[in-house]
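Enquirer:
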Amino acid sequence: MIKRLLAATGIATLCLVSAASAAENVEMWVRSGIGDAFKKVVEAYNSSHENKVVMTEVPFSELVQKYATAIAGGQAPDALSMDLIYNPAFAAAGQLEDLTDWAKSLPYFNSLSPSHVRLGTYQDKVYGLPLSVETSVFAWNKDLYKKAGLDPEKAPANWDEITANAEKIRALGDDTYGFYFSGGGCGGCMIFTFTPLVWGAGADILSADSKKATLDTPQMRKAVDVYRNMVKKDLVPAGAASDNGTNFLTFTNGKIGQQSLGAFAIGTLVTQHPEINFGVTLIPGVDGKPSSFAGGDNFVITKGTKKIDEVKEFLEYIYSMEGQKIMAKYGSLPTRGDIADKVLEGLDPRMQIGLKAISVAKTPYTLQFNDLINSANGPWASFTNAAIFGDDVDGAFSSAQSEMQSIIDSGQ
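Sequence positions in the sequence shown follow mature numbering (1 follows the signal peptide of the UniProt record, and there is no 0) and run -22 to -1, 1 to 390.
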């Protein structure tokens, strides 16, 4: 994918926004919407260190293309906050600095978020380290539970309970629904919230070496049936079928009884929607065993930068107790497991569920993540929509399995 992006950029130029050109300034790009956690840690670092980080926000949908363009033109930033799913592709293309020796010398290296380190590793070398950690969790509206005659303090333990609870909540009538998910071609949403149903049960959509599509399994069939059943029973708003992710946080409207969300939503609910009384738990697999998607960003350094030592200094500050506390205060989960409890002291206890999810979380490792999963027109997004909302479930499985394998084979 990256080679195609680089080839397509030609001689396009990109103007970088920089406060100054002094050697001690580190140019860093982040995706738009990175949130206050990273912005605040940059502010704290800049106010206490001689070196400065000059941060430029790039629209999320443009970041990968712009970074590839900048690399081709020799105008890339020193460092980048990169969605961890893209880390393997850029590492394979030789665009990132090898951080292996330095990373493994860090006394807390083995306590860093394991999924992030795994996605940051290519051919046994480390090219990316965790910057912001995200996990998917299950949330329920305690007030709606209570109105429906359910125990608001009891987290559902399996999908039979979730479905039964959804039916009672839907029975409240009007525009109150029991469950929600963004299913209209939002591959990123569905890999984040739906795949844990399968992972928890020991299955996956890709083989361990990422060379085979393993979509059609009994566990995936069961997961699809769970969602289809709720859609058929009108427990899910009709808008879910066309939601491309724009309404991912529909739970915040107070009329959704249950939804799988990102741990980041805990901070959003607490700070922006204090009127919603909610609980969180791990997402059950189809057999009840929980799982989660490990998302967020990795910190990468552009190959050839002359400021590698300055960049490392900044990353070590982020990993310090001070940096971790600043990040957590504004909603980011700790990246270091060895000090996580201390980092979260005094913060909303529901964040502990997001932290707990890290130990069971997974992230697919593939150089073709965008083509396979994230693309709105890709096989994963098309499959989840067709299998859950369509009439031909067998056809949806067959088509997606075939298309995924074709994409994988073409990249070999």
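All C-beta atoms, glycine included, are put in the ideal place defined by N, C-alpha and C.
With burial defined as no fewer than 16 other Cβ atoms inside 10 Å of the residue's Cβ, what is the status of Glu40: buried or exposed?
Expert: Classification of Glu40: exposed, given that the 10 Å Cβ count is below 16.
Enquirer: Does the contact criterion of 3 or more C-beta pairs under 8 Å hold for the stretch 80 to 91 versus the stretch 307 to 319?
Expert: Contact between the stretch 80 to 91 and the stretch 307 to 319 is present: 3 or more CB-CB pairs across the two stretches fall below 8 Å.
Enquirer: Of the choices Ser91, Gln101 and Arg96, whose alpha-carbon is the least far from that of Gly72?
Expert: Gln101
Enquirer: Taking 6 Å as the cut-off, is the CB of Val321 close to at least one heavy atom of the ligand SAH?
Expert: By its list of ligands, the structure shown contains no ligand whatsoever, and the ligand SAH lies outside what it can speak to.
Enquirer: Straight-line CA distance for Thr195 to Gly52?
Expert: 46 Å
Enquirer: Out of curiosity, what's the CA-to-CA distance linking Ala181 and Lys284?
Expert: 44 Å
Enquirer: Near Gln390, which residues of its chain fall below 8 Å by C-beta distance, leaving aside the five closest residues on each side in sequence?
Expert: Within the same chain, and ignoring the five residues on either side of Gln390 in sequence, the residues whose Cβ sits closer than 8 Å to its Cβ are Lys189.
Enquirer: Could you pull the DSSP bridge partners for Ile279 from this structure?
Expert: Ala57
Enquirer: Label Phe157 either buried or exposed according to how many other C-beta atoms from any shown protein chain fall within 10 Å of its C-beta, with 16 as the threshold for buried.
Expert: Buried, since its Cβ has 16 or more Cβ neighbours within 10 Å.
Enquirer: Can you give the beta carbon distance from residue 449 to Pro37, rounded, assuming they're within the 8 Å contact cut?
Expert: Because the chain in this structure spans residues -22 to 390, residue 449 falls outside the shown range and cannot be described.
Enquirer: Here's a check: name, in chain order, each residue in its chain whose Cβ is nearer than 7 Å to the Cβ of Leu350, leaving out the five neighbours to either side.
Expert: Thr344, Gly356, Pro357, Trp358, Met382 and Ile385
Enquirer: Between Tyr205 and Thr141, what straight-line distance do the alpha-carbon atoms span, to the nearest angstrom?
Expert: 9 Å
Enquirer: Given a cut-off of 7 Å, decide if Asn119 and Asn276 are closer than it, judged by their beta-carbon atoms.
Expert: no
Enquirer: Using only the alpha-carbon positions, how far apart do Ala(-1) and Leu109 sit?
Expert: Legend: pLDDT at Ala(-1) = 47, less than 50; position of this residue unreliable, no value from coordinates given.
Enquirer: Return the CA-CA distance between Met329 and Ile244, expressed in angstroms with no decimal places.
Expert: 7 Å
Enquirer: What runs of the alpha helix (DSSP H), each 4 residues or longer, lie entirely inside the stretch 27 to 51?
Expert: Counting only runs of 4 or more, we get 41 to 50.
Enquirer: Evaluate Gly106 with the Cβ neighbour count: other Cβ atoms within 10 Å of its Cβ, from every protein chain shown; 16 or more gives buried, anything less gives exposed.
Expert: buried
Enquirer: What does Pro268 pair with, by DSSP beta-bridge criteria?
Expert: BP columns for Pro268 point to Pro262.
Enquirer: Is DSSP giving Val104 helix, strand or coil here?
Expert: strand
Enquirer: In whole angstroms, what is the alpha-carbon distance linking Ala365 and Leu128?
Expert: For Ala365 and Leu128, the distance between alpha carbons rounds to 30 Å.
Enquirer: Contact between the stretch 169 to 176 and the stretch 258 to 271: three or more CB pairs below 8 Å?
Expert: yes
Enquirer: So Leu239 is in the beta strand (DSSP E); what residue range does that whole segment cover?
Expert: Gln236 to Gly240
Enquirer: Once DSSP output is grouped into helix, strand and coil, what is the label at Ser388?
Expert: helix
Enquirer: Measuring only the C-alpha atoms, how far is Val31 from Asp287?
Expert: Computed Cα separation, rounded: 13 Å.
Enquirer: Give every residue of the same chain whose Cβ lies closer than 8 Å to the Cβ of Lys320, excluding the five residues on either side of it in the sequence, and list them in chain order.
Expert: Met299
Enquirer: With a cut-off of 8 Å on the beta carbons, I'd call Lys340 and Phe271 a contact; round off their distance for me.
Expert: 7 Å
Enquirer: I need the DSSP call for Phe159, collapsed to helix, strand or coil.
Expert: It is coil, neither helix nor strand.
Enquirer: Just how far apart, CA to CA, sit Thr(-10) and Ala50?
Expert: Reliability fails at Thr(-10), whose pLDDT of 36 lies under 50, so the model's placement of it is uncertain and the value that follows must be treated cautiously. The alpha-carbon atoms of Thr(-10) and Ala50 are separated by roughly 9 Å.
Enquirer: Ends of the beta strand (DSSP E) at Asn136?
Expert: Neither: Asn136 is in no beta strand (DSSP E) and is coded neither H nor E.
Enquirer: Can Gly266 and Asn348 be called in contact, C-beta distance under 7 Å?
Expert: no
Enquirer: Along the chain, where does the beta strand (DSSP E) that runs through Arg9 open and close?
Expert: Asn3 to Arg9
Enquirer: Compute the distance between the beta-carbons of Asn363 and Gly161, then report whether it is under 7 Å.
Expert: Against a cut-off of 7 Å, the Cβ pair of Gly161 and Asn363 comes out as a contact.
Enquirer: My understanding is that Thr78 touches Lys44, with C-beta atoms under 8 Å, so please give their C-beta distance in whole angstroms.
Expert: So it is not a contact: roughly 27 Å between Cβ atoms.
Enquirer: From Leu193 to Ala374, what does the alpha carbon distance come to, in whole angstroms?
Expert: 11 Å
Enquirer: Give a yes or no on whether 7 Å exceeds the smallest Cβ distance from Gly98 to chain D.
Expert: Checking the listed chains, one finds no chain D in this structure; it contains a single protein chain.
Enquirer: Looking at Gln250 and residue 396, is the spacing between their C-beta atoms short of 7 Å?
Expert: Outside the shown range of the chain (-22 to 390) lies residue 396, about which nothing can therefore be said.
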